[in-house]
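Structure record follows, encoded as structure tokens.
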Amino acid sequence: MNLHPFRYGTAASAALFIWATAASAAPDAKAVADSLVAAATAAGSTASYEAAAANGDDVVVTNFKTTQRGATLTVPSLVIAAPVARPEGGFTSPHVTFDNVTGTKDNAPSMSWQTGVAEDAILLTPEEVKARATVRPFRSVRLTGIKLASSEGAAPVTIDEVVSDFGDVKPGEPRGFAMRAGPIKATIDVLADTPNYRHVLELLGYSDLTVNVASEGGYDDKTDTLFLRSFSIDTANVGKLTVSGKFSGMSLGRIAVKDDSVGTTAQAKLDNLQVHFANSGIVERVIDMQANATGSTRDEVIEQATAVATVTFMLAGNIAFSEKIATAVGTFLADPKTLTFTATPATPVTIGKIFAAAIGAQETLPDLLGVDVKANEP
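Here our numbering is used: the first residue of the sequence shown is 846, the next is one more, and so on.
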């Protein structure tokens, strides 16, 4: 039987209208907000909200709060853009914004930021959170206008911007990540509770510091292995410290949510490590400060520092490393450009064992970790 063209067209139009109406129906705001609370609870936090309402295709959650380890974040208006329910639970969203956030630690103001946005967000189910599912929760997160509370009477530490990017989850490959933060600006007043450190900075001629931080690497969820391609702290008129390496058994998920994060970290193992320092002014300031304090010349200070580094390991019986450190330190202090330490242990060493040696048997560290040191090399 042939359908009349008019009737067929009318039926198709009606079906299209019904589909479009259903697709654009307001999302269940309460269900979205409740799923946020459930996911936060599964991660070891407590969470609550004041109200949830649909605004077109979006959901606006008012006064969302989450608390973990005595630290509370309050989001006045959490906006989930066009949330779409996932078959297994939770939802996806092209972006989630969380502006004007404030934080407290033990009921005292601790931090705040002006704008926040997460792109390509996926809210996991409580079961996925507990199972540490291999799912990328968002493609990127960007915070701006950050303020960190400091000592009473001191100006807060400010951070212009923090941006984190996360790679796609691919079977058999580590999850890639990259982060940059800065400029981070602080005055030495933040060290009011540690006057000795503040006094040293004053003697070195620093009244404030400007820092940029960046990191890049990958993380393998199956083996809890962290591949740190680069983690750098670049401080103006001080220097740039760059760390790279591989850490196995580094359970980032458990470290983030468990109270015994120190114990968990101690079980992680160092496979290899490189620490590279590029001087941009602090070494000269330290040498000059020491020369002024002791009435010595710069050359005498360099000789004394080199001797101390050498004798430390020579007296402990590590003559081979004492000669190596003497050559590198002497070269570096005479013309302070770069100093590079590498650690390549024969077998991975736990972080706990490294700290124990650093506290009670420093002379064993070079052999334990297979340490090498070089000066003024690229």
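Ideal Cβ placement from N, Cα and C applies to all residues, glycine included.
Note that the structure is predicted; figures quoted are calculated from it, not measured.
On a CA-only basis, which of the options is nearest residue i? Give me that one, please.
i	options	result
Val-962	Leu-969, Asp-1010, Asp-951	Asp-1010
Phe-1076	Leu-993, Thr-1068, Thr-1087, Asn-1082	Thr-1087
Phe-1177	Ile-1132, Ala-1165, Ala-1188	Ile-1132
Asp-951	Ala-1188, Arg-914, Ala-976, Leu-968	Arg-914
Ala-966	Pro-954, Arg-931, Gly-1140, Glu-1148	Arg-931
Val-1014	Pro-939, Leu-988, Arg-981	Arg-981
Leu-1049	Ala-1138, Ile-1004, Arg-1025, Ser-938	Ala-1138
Ser-955	Leu-918, Val-974, Asp-944	Leu-918
Asn-900	Val-877, Thr-911, Val-1045	Val-877
Asp-1217	Ala-976, Ile-1204, Pro-1190, Lys-1198	Pro-1190
Ser-922	Ala-898, Asn-1163, Glu-972	Ala-898
Pro-928	Met-1095, Pro-971, Ala-887, Ala-874	Ala-874
Asp-1079	Lys-1067, Ala-1026, Leu-1071	Ala-1026
Gly-1094	Phe-1072, Asn-1082, Ala-1081	Phe-1072
Thr-989	Thr-960, Phe-983, Gly-1012, Arg-1074	Thr-960
Val-1045	Ser-1167, Ala-1031, Met-1134, Gln-1149	Met-1134
Ile-1199	Asp-1116, Ala-1179, Val-1153	Asp-1116
Leu-1054	Arg-1043, Ala-1081, Thr-1142, Tyr-1042	Ala-1081
Pro-1181	Leu-1213, Arg-1143, Glu-1168	Arg-1143
Thr-1155	Ser-1167, Gln-1149, Asn-1163	Ser-1167
Spell out the partners DSSP gives residue i in its beta bridges.
i	result
Ala-1138	For Ala-1138, which the question treats as bridged, DSSP gives no partner whatsoever.
Ser-1009	Val-986, Met-1024
Ile-1029	Ile-1004, Val-1056
Lys-1198	According to DSSP, which records beta bridges pairwise, Lys-1198 is partnered with nothing at all.
Val-1218	Phe-1186
Report yes if the C-beta distance between residue i and residue j is below 8 Å; otherwise report no.
i	j	result
Gly-1084	Ser-1125	yes
Ser-985	Glu-964	yes
Val-1146	Ala-1136	yes
Ile-1029	Val-1008	no
Ala-999	Glu-1061	no
Val-941	Trp-958	no
Ala-916	Gly-889	no
Lys-1114	Pro-1211	no
Leu-968	Gly-935	yes
Thr-1151	Ala-1165	no
Thr-1187	Glu-1222	no
Thr-1195	Ala-1202	no
Val-920	Asp-903	no
Ala-1206	Ala-1173	no
Thr-979	Lys-992	no
Gln-1112	Ser-1089	no
Phe-1092	Thr-1183	no
Pro-971	Ala-883	yes
Asp-944	Ser-996	no
Glu-1018	Ile-1033	no
Thr-907	Ala-896	yes
Ala-926	Ser-938	yes
Lys-975	Ala-887	yes
Specify, as a first and last residue, the run of the alpha helix (DSSP H) that residue i falls within.
i	result
Asp-1238	Shown here, the chain extends from 846 to 1223; a query on residue 1238 therefore has no answer.
Leu-1036	First-last for Leu-1036: undefined, no H or E at that position.
Ala-1206	It is not in any alpha helix (DSSP H) - Ala-1206 carries neither H nor E in the DSSP assignment.
Gly-1175	1164-1179
Pro-1040	1040-1049
Under 7 Å: does the beta carbon of residue i sit that close to some heavy atom of the ligand PLP?
i	result
Thr-1209	As presented, the structure is devoid of all ligands, the ligand PLP included, so that no description of it is given.
May I ask which residues mark the beginning and end of the beta strand (DSSP E) holding residue i?
i	result
Glu-972	Unbroken run through Glu-972 is the alpha helix (DSSP H), 971-975; no beta strand (DSSP E).
Ala-966	960-968
Thr-1183	1183-1188
Runs of alpha helix (DSSP H) lying entirely within the stretch 1056-1132, each at least 4 residues, in chain order = 1097-1102, 1106-1111
Considering only residues of the stretch 977-1006, which uninterrupted beta strand (DSSP E) runs meet the minimum length of 3 residues and lie entirely inside it, listed in chain order?
-> 985-993
Segments assigned alpha helix (DSSP H), at least 4 residues, entirely inside the stretch 873-957 = 874-887
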